[in-house]
Amino acid sequence: MAKADKTATMSRLHSAARLARTALAARLLAHGFYAGQDQIMLALDREDGQTPGNLAGRLGVRPPTITKTINRLQAQGFLEKRASSADARQAHILLTDTGRDITH
13 MAKADKTATM SRLHSAARLA RTALAARLLA HGFYAGQDQI MLALDREDGQ TPGNLAGRLG
73 VRPPTITKTI NRLQAQGFLE KRASSADARQ AHILLTDTGR DITH
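In short: position in the sequence shown from 1, add 12, done, that's the numbering used here.
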């Protein structure tokens, strides 16, 4: 493939990705979600009861970011935090019934 063709292909891919991100953000906002919140909800739908640190590692975000997002989702009624029975310093994040309904 010629360099000009590669450049044109990459430009089209970049534009398509930008349009997809914009469309996703609009759809999420219509349901009361912000970018990134959907990934936490889906991760918990796959494996409920994860710790914030585990979620941060799986999603590739910093712990303060995951904490802020979890707190927002909890305030919206989609998640709840429960202290670990093994270690009271540790919390587990679970979908509420409302959160579970949204992910299905």
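Every residue gets a Cβ at the ideal spot worked out from N, C-alpha and C, and that includes glycine.
Everything numeric in this text was worked out from a predicted model, so none of it was measured.
Integer Cβ distance of A103 from S96, believed to fall under 8 Å
Along the sequence shown, one-based indexing puts residue 103 at 91. Along the sequence shown, one-based indexing puts residue 96 at 84. That pair is a contact at about 7 Å.
Quick check: the Cα distance between R84 and L25, rounded to an integer number of angstroms?
One-based indexing of the sequence shown puts residue 84 at position 72. One-based indexing of the sequence shown puts residue 25 at position 13. Each residue's alpha carbon lies about 33 Å from the other.
I want to know whether the region 72-89 touches the region 44-57 - three or more CB-CB distances under 8 Å.
yes
Report yes if the C-beta distance between Q62 and L71 is below 8 Å; otherwise report no.
Your numbering for residue 62 matches position 50 in the sequence shown. Your numbering for residue 71 matches position 59 in the sequence shown. No; because the gap between Cβ atoms is not below 8 Å, this pair is not in contact.
Could you pull out every residue in the same chain whose Cβ sits closer than 7 Å to the Cβ of E92, ignoring the five residues on either side in sequence?
If you number the sequence shown from 1, residue 92 lands on position 80. Q86, L106, T108.
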